[in-house]
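Residue numbering for the sequence shown follows this note's numbering, starting at 74 and increasing by one per position. Cβ coordinates follow ideal geometry from the N, Cα and C atoms, glycine included. Given the structure is predicted, the values throughout are model-derived calculations rather than measurements. Working notes for the structure below.
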Amino acid sequence: MYVRIARFEGGDLADADKAIERVRNMTQENRPPGLEGATRLLMLVDRENGRGLGMTFFETEEAMRKGDQALNQMSPGDQGGRRTGVEMYEVGLDQNFSR
Numbered sequence: 074m075y076v077r078i079a080r081f082e083g084g085d086l087a088d089a090d091k092a093i094e095r096v097r098n099m100t101q102e103n104r105p106p107g108l109e110g111a112t113r114l115l116m117l118v119d120r121e122n123g124r125g126l127g128m129t130f131f132e133t134e135e136a137m138r139k140g141d142q143a144l145n146q147m148s149p150g151d152q153g154g155r156r157t158g159v160e161m162y163e164v165g166l167d168q169n170f171s172r
């Protein structure tokens, strides 16, 4: 499993609920083109400081690279603030503690 992590600052992240709803609406109906290989999306928000992380998970490195190209073409727009960084990792451990 692989993950692409994008960092964001500003925009509607100062109102995290608005940012969450915007991303939910964008992805709920259909996956954006290029993200067919994505398996999961997590959005982490720092409400106090107006920052966030978008974590997109993929089964293969190839799917992650394709998804990265697609996501790099998407602009966060004025509401989304600015993308301050992108990092990609292989998931070393995915431990589920629920029974």
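Straight-line gap, residue i to residue j (C-alpha atoms, nearest Å)
i      : j      : result
Gln142 : Arg120 : 28 angstroms
Arg166 : Thr133 : One point to set straight first is that residue 166 is Leu, not Arg, in the sequence displayed. Leu166 and Thr133: Cα-Cα distance of roughly 15 angstroms.
Ala136 : Ala111 : 7 angstroms
Met116 : Arg138 : 19 angstroms
Gly83  : Asn169 : 32 angstroms
Glu109 : Thr157 : 25 angstroms
Val164 : Asp88  : 30 angstroms
Asn122 : Glu102 : 30 angstroms
Arg97  : Met74  : 23 angstroms
Pro106 : Leu144 : 9 angstroms
Val118 : Arg124 : 6 angstroms
Short Cβ contact (8 angstroms threshold) for residue i with residue j
i      : j      : result
Arg155 : Leu126 : no
Met128 : Val76  : yes
Phe130 : Arg104 : no
Glu160 : Ile78  : yes
Cβ-based burial, residue i [other Cβ within 10 Å; buried from 16]
i      : result
Arg172 : exposed
Gly140 : buried
Identity of the residues DSSP links to residue i by a beta bridge
i      : result
Met116 : Gly127
Gly140 : Paired residues: none, contrary to the question.
Ile78  : Met128 and Glu160
Arg155 : Glu82
Ala111 : Phe131
Near the ligand ADP: residue i beta-carbon under 7 angstroms from a heavy atom
i      : result
Met161 : Summarising the ligand content, the structure contains no ligands, and the ligand ADP is consequently not present.
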